[in-house]
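K.L.:
Take this structure first; my questions come after.
Residue numbers (my numbering): 40 to 369.
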């Protein structure tokens, strides 16, 4: 590898822009990493960039992308030992560690959802949502929803779950209902928020704003590349090579507009929608040292454990040590 573990921790994943040079060898001669992702998820944009430009091979590994229909399926496949890497959040990783599954993660993206309202709506602050009909993606235990509720309680003594009409639903359905005017506001996943932004909506408050209001000092990755600690320990150079290939892809996506045009069919967007998705993706590239992210995630974990209780985090009231991969902090 051409970059030390210390450099990973001090630079932040989003700043690693140079591919490591390896001699040209066939993919069959390279160690293979099986990565499971949602078939139409946003992670596929980055993995497609890795494969299209051979960034995995340049870093000495062969990434095999396996598509799954849902997040639960990737989680099950990981726990069954059928995959090397998946994408999930640090809450899930911490819970698995607390229950005996030694998983760990490398930050992937700080992009998070937001409460979106029409540009002309007379809604600007959290108290303006009292009595309004709010769509919430991800269910009552969605961490973005819990953080926003926590901030409303802390700053305004407001219980949004009781003082607004909450409609839970699938992200695409809620986006459609927002567009049709059936909802006053909608809290959706970041890429649906970006598509709404292109259709005349604006952010009232983001989950990242709520996280800062509740004690985080900067952006915290909502998702990470998750793998077994034992696998990463036994194959550390290979795991670091995968993280580097991800960073190389992010560097390309951060600077190349033509690359986004190439990805347009996979992103399923064009013109203004593609531009907003591109910009929001770029904003979500992790830039902070991993140790700083971990400290903030631990703070937010305690907040979420209070708000979501055992249904969300299990019995552990603090984030499990090792949730963030130690090799990226050395």
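Glycine is no exception: its CB is placed at the ideal position from the N, C-alpha and C atoms.
(1) Grouping DSSP H, G and I as helix and E and B as strand, with all else coil, what is residue 106?
(2) May I ask which residues mark the beginning and end of the alpha helix (DSSP H) holding residue 231?
(3) Residue 146 bridges to which residues according to DSSP?
(4) Mind checking residue 158: buried by the 16 CB within 10 Å criterion, or exposed?
(5) Nearest-angstrom Cα distance between residue 192 and residue 179?
(6) Counting C-beta neighbours from all protein chains within 10 Å, is the total for residue 79 16 or more, i.e. buried, or is it exposed?
(7) Classify residue 176: buried if its beta carbon has 16 or more other beta carbons within 10 angstroms, exposed otherwise.
(8) Please state if the CB of residue 113 and the CB of residue 323 are separated by a distance shorter than 7 Å.
(9) Roughly how many angstroms lie between the CA atoms of residue 325 and residue 247, to the nearest whole one?
(10) When DSSP builds the beta bridges, which residues end up paired with residue 127?
(11) Taking the CB atoms as reference points, tell me whether residue 353 and residue 137 lie closer together than 7 Å.
(12) Within 10 angstroms of the Cβ of residue 53, are there 16 or more other Cβ atoms? Answer buried if so, exposed if not.
(13) Hey, residue 200 and residue 151: beta-carbon distance below 7 Å or not?
(14) Tell me whether residue 198 is buried or exposed, calling it buried when 16 or more other Cβ atoms sit within 10 Å of its Cβ.
(15) What do you get for residue 311, buried or exposed, if any count of 16 or more other CB atoms within 10 angstroms of its CB means buried?
(16) Cutting at 6 Å between CB atoms, please list the residues of its own chain near residue 278, excluding the five before and the five after it.
(17) With residue 204 and residue 172 assumed to form a contact (beta carbons below 8 Å), what rounded beta-carbon distance in angstroms separates them?
(18) Report the rounded CA-to-CA distance for residue 190 versus residue 297, giving the unit in angstroms.
(19) Flag this pair as touching only if the segment 281 to 292 and the segment 78 to 98 have three or more C-beta atom pairs under 8 Å; answer yes or no.
(20) Per DSSP, what kind of secondary structure is residue 277 in: helix, strand or coil?
(21) Identify whether residue 308 lies in helix, strand or coil by the three-state DSSP scheme.
(22) Expressed to the nearest angstrom, what Euclidean distance is found between the alpha-carbon atoms of residue 228 and residue 210?
(23) When burial is assigned at 16 or more other CB atoms within 10 Å of the CB, is residue 174 buried or exposed?
(24) State buried or exposed for residue 294, treating a residue as buried only when at least 16 other CB atoms are found within 10 Å of its CB.
(25) Could you tell me whether the segment 335 to 354 touches the segment 98 to 108, where touching means 3 or more Cβ pairs closer than 8 Å?
(26) By how many angstroms is the C-alpha of residue 346 removed from the C-alpha of residue 147?
(27) Just the C-alpha distance for residue 60 and residue 115, rounded to the nearest angstrom, thanks.
P.N.:
On the basis of the data shown:
(1) Looking at residue 106 - three-state DSSP - the assignment turns out to be strand.
(2) Where residue 231 is concerned, the enclosing alpha helix (DSSP H) stretches over 229 to 236.
(3) In DSSP, residue 146 forms a bridge with 263.
(4) It is exposed - the Cβ of residue 158 has fewer than 16 other Cβ atoms within 10 Å.
(5) Cα to Cα, residue 192 sits roughly 16 Å from residue 179.
(6) Label assigned to residue 79: exposed.
(7) By the beta-carbon neighbour count (other beta carbons within 10 angstroms, threshold 16), residue 176 is buried.
(8) No. Outside cutoff.
(9) Near 13 Å, if we compare the C-alpha coordinates of residue 247 and residue 325.
(10) 263.
(11) Between residue 353 and residue 137, the gap from beta carbon to beta carbon is short of 7 Å.
(12) With a pLDDT of 37 at residue 53, under the threshold of 50, the predicted position of this residue should be treated as unreliable, and no value is reported.
(13) By the CB criterion at 7 Å, residue 200 and residue 151 fall outside the cutoff.
(14) By the neighbour-count criterion, in which 16 or more other beta carbons inside 10 Å mark a residue as buried, residue 198 falls on the exposed side.
(15) So residue 311 counts as exposed.
(16) Correct list, in chain order: 271.
(17) Yes, they are in contact, since the Cβ atoms of residue 204 and residue 172 sit about 5 Å apart, within 8 Å.
(18) Computed Cα separation, rounded: 39 Å.
(19) Contact annotation: the segment 281 to 292 touches the segment 78 to 98, with at least three C-beta pairs closer than 8 Å.
(20) The three-state reading of DSSP puts residue 277 in helix, counting H, G and I together.
(21) Here residue 308 sits in coil by DSSP.
(22) Our two residues, residue 228 and residue 210, have alpha carbons roughly 7 Å apart in a direct line.
(23) Residue 174 should be labelled buried.
(24) Label assigned to residue 294: exposed.
(25) Flag = no, the segment 335 to 354 and the segment 98 to 108 do not touch.
(26) When the Cα atoms are used, residue 147 and residue 346 turn out to be separated by approximately 25 Å.
(27) Legend: pLDDT at residue 60 = 36, less than 50; position of this residue unreliable, value from coordinates given subsequently. One alpha carbon belongs to residue 60, the other to residue 115, and they sit about 35 Å apart.
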